[in-house]
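Q:
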Amino acid sequence: MAYIVKIFTIDLILCVIFQKFALPLGGEESQIAMAFVIHVTCLGLLARKNLVYISPLAMTGYGLLVGITAILHIFCTFVGFSFGSLALFWVVSALYLFRVRLDWDAYKVLIGNFIAVGTAAACLVYFDWLTQFAHLGMFNLEIHMPEKIVYLHYNYVQPLHWGSPWMKPNAIFFLEASHISQFISLTIVAELCLFRRIKRLAFLFPALFLTYGGTGMLVLFGSLPFLINRLPARLVMAGVLVVPLALGGILASGAADSILKRTTEFDTRGSSGNIRFVRPAEAVRDAVAGNDVDLFFGKGAGAMPKGVSAGGASFAWAPYAKVFVEYGFIAFVVWVFFMGTAMFGRGVPFVISWAAFLQYNFMNGSLNVPLHTVYNIILAAGITIVAARPAATQPFPSLLAFKDILWQTRPSEPGPSRP
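Residue numbers for the sequence shown, in our numbering: 441 to 859.
Structure (structure tokens):
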């Protein structure tokens, strides 16, 4: 278990650092994400020691998914069918087959390491703002990379709003401001679920706000209903007291104007909010209202390539919309079953699974983006807890410092348990 924690921690760190990197495959836009190569390599290291397994239920769901989509593409004539898109769907989905067994203490160390990486990412958010306030600009890693290995189709640098001199922080390594926002929100959910350290939360919450990424805040707010019953009353009360102070700070800083502008995006064609939430839902609605063949059997793999906003920026479709439209209702039902059995259960706290599921399916176009699959696997989909969890009121051990994450294998001794 110590080896599994080390490998998954290294997997996470490398995928975060190299998420802007891709290996070119020959074509003008043909490339493979470095995160995929890193994760498969780490799975290979675990398989070498016979530490991964495939459950019969996962294999059944995956077999049905591959079988149905293959049959659809053999017997149906799709205009513009892309075998490459279909094969990528199969390959990325296959990553959800592989699982490891951890006891509760080892799982807490792994999630603690995830939180440590999220805290380091939050430091980089503060760093991005510090360099901007110092009139040094924001460091952009991609302009220092060879053009051929830059992961394509992401808006690495974005102004707070049109014409603003201030850029949204991308924490140097992250694909977009929304991605660092979502990563910090997953970190906060995990911290609230397992450790609840006030100083850590006081460091993470401002960083989340300073990303100006609405999707991260939505992940957090969407997870709160499942967190409330896990939080001690004193922490809930502290939150109630802090919220008015935070709102006052927002109003005083003038940041409220930027936030209000974001709330009007849903009705604005081509805006981030409209692209991320409204257009995928419209695509599903159009498929339901269309002909029955497309509804049940889909329009074919590759029928929904990356879209282009009114401003010329490319965007990927939300996973649920892409599966529904390209592969049809029948395959969509099987995919939901496969993803549901991968993400939930097996001893992983529901709220952690839910936050990852929410981020993956609704907050960005990540169906075939390996990076988000790695997050899902490390947090929930790749884990089976083999020992009983302690009672919800039992105190959790604190994590050692970030410098120890690569070699720390056991949590510090927990305090005395309470009934």
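Here a beta-carbon is modelled for each residue, glycine too, at the ideal position from N, C-alpha and C.
Source: prediction; values computed, not measured.
Here's the rule I'm using: 16 or more other beta-carbon atoms within 10 Å means buried, otherwise exposed. How should D734 be labelled?
A: D734 is buried by the Cβ-count criterion.
Q: According to DSSP, is R858 helix, strand or coil?
A: Here the model assigns R858 a pLDDT of 40, short of 50, so the residue's position is not dependable, and the following value carries that caveat. Here R858 sits in coil by DSSP.
Q: If you measure between the beta carbons of L626 and A758, is that distance less than 8 Å?
A: In this structure, A758 does not lie closer than 8 Å to L626 by Cβ.
Q: Under 8 Å, do G507 and F778 count as touching if we go by C-beta distance?
A: Contact flag unset, no.
Q: How is the alpha helix (DSSP H) around P586 delimited, first residue to last?
A: Here P586 belongs to no alpha helix (DSSP H), and DSSP marks it neither H nor E.
Q: Can you give the Cα-Cα distance for R415 and I624, rounded to whole angstroms?
A: It is not possible to answer for residue 415, since the shown part of the chain is limited to 441 through 859.
Q: Does the Cβ-Cβ distance between W775 and L592 come in under 8 Å?
A: Not closer than 8 Å, so no.
Q: Are the Cβ atoms of T559 and L644 separated by less than 8 Å?
A: Cβ distance < 8 Å, so T559 and L644 count as in contact.
Q: Classify M607 as helix, strand or coil using the three-state DSSP reduction.
A: Three-state DSSP puts M607 in a strand.
Q: In whole angstroms, give me the CA-to-CA distance for F784 and F458.
A: So the two alpha carbons sit approximately 28 Å from each other.
Q: Count the other C-beta atoms from every protein chain shown that fall within 10 angstroms of the C-beta of S838, then say buried if there are 16 or more, exposed otherwise.
A: Confidence at S838 is low in this model, with a pLDDT of 38, below 50, so the placement of that residue should be treated as unreliable; the coordinate-derived value is given next. So S838 ends up on the exposed side.
Q: Can P810 and H479 be called in contact, C-beta distance under 8 Å?
A: Result yes, Cβ atoms of P810 and H479 sit closer than 8 Å.
Q: Please report the distance separating the alpha-carbon of Y493 from that of L570.
A: Approximately 46 Å between the Cα atoms of the pair.
Q: V826: which of S525, C482, R539 sits nearest, CA to CA?
A: Nearest of S525, C482, R539 to V826, Cα basis: R539.
Q: Work out the CA separation of D732 and V456 for me, nearest whole Å.
A: Near 42 Å, if we compare the C-alpha coordinates of D732 and V456.
Q: Here's the rule I'm using: 16 or more other beta-carbon atoms within 10 Å means buried, otherwise exposed. How should E587 be labelled?
A: The residue is exposed, with fewer than 16 neighbouring Cβ atoms inside 10 Å.
Q: For the candidate residues A561, G738, L648, N580, whose alpha-carbon lies nearest to that of V773?
A: Here the closest residue by C-alpha is G738.
Q: Using C-beta distances below 8 Å, list every residue in its chain close to W606, excluding the 5 sequence neighbours before and after it, in chain order.
A: Q572, P599, L600, listed in sequence order.
Q: Below 8 Å, can you find three or more Cβ-Cβ pairs linking the segment 799-806 to the segment 525-545?
A: No, the segment 799-806 does not touch the segment 525-545.
Q: Should Y536 be labelled buried (16 or more other beta-carbon atoms within 10 Å of its own) or exposed?
A: Burial call: buried.
Q: Would DSSP call Y910 helix, strand or coil?
A: Because the chain is modelled from 441 through 859, residue 910 falls outside the range shown and cannot be assessed.
Q: Can you give me the C-alpha to C-alpha distance between I447 and G552, rounded to a whole angstrom?
A: Near 14 Å, if we compare the C-alpha coordinates of G552 and I447.
Q: Leaving out five residues before and five after F790 in sequence, what residues of the same chain have Cβ atoms less than 8 Å from its Cβ?
A: Only F666, F784 meet the Cβ criterion.
Q: Going by other Cβ atoms of all chains shown within 10 Å of its Cβ, with 16 needed for buried, is G861 buried or exposed?
A: Within the shown structure, residues of the chain are numbered from 441 to 859, placing residue 861 beyond reach of any answer.
Q: Out of T813, H513, N490, point me to the one whose CA is closest to V477's CA.
A: That would be T813, whose Cα lies nearest to the Cα of V477.
Q: Would a check of beta-carbon distances place A510 closer than 8 Å to chain B?
A: Any reference to chain B falls outside this structure, which holds one protein chain only.
Q: I612 by DSSP, collapsed to three states: which one?
A: I612 falls in the coil class under three-state DSSP.
Q: For V629 and P609, I'd like the C-alpha separation in whole angstroms.
A: Distance between the alpha carbons of V629 and P609 is about 21 Å.
Q: On a Cα-Cα basis, can you pick out the residue from A756, A743, M744, F764 that is closest to A729?
A: Per the Cα distances, F764.
Q: Pull up the DSSP beta-bridge partners for I628, would you.
A: DSSP output for I628 lists no bridge partner at all.
Q: On the premise that A723 lies in contact with A782, defined as a C-beta separation below 8 Å, what is that separation, rounded to the nearest angstrom?
A: Actually they are not in contact, since the Cβ atoms of A782 and A723 sit about 24 Å apart, beyond 8 Å.
Q: Could you spell out the range, first to last residue, of the beta strand (DSSP E) harbouring F538?
A: Run containing F538: 538-542, per the beta strand (DSSP E) assignment.
Q: Between A617 and the rest of its own chain, which residues show a CB-CB distance below 7 Å, the 5 nearest in sequence each way excluded?
A: Closer than 7 Å at the Cβ level, and outside the excluded window around A617, lie Q598, K608, P609, N610, T651, Y652, G653.
Q: With DSSP run on the structure shown, which of helix, strand or coil describes Q572?
A: Q572: helix per DSSP, three-state reduction.
Q: Kindly identify the DSSP beta-bridge partner or partners of Q622.
A: Q622 is not bridged to any residue.
Q: Rounded C-beta distance between I472 and A561? I'm assuming under 8 Å.
A: Not really, about 24 Å apart at Cβ, beyond 8 Å.
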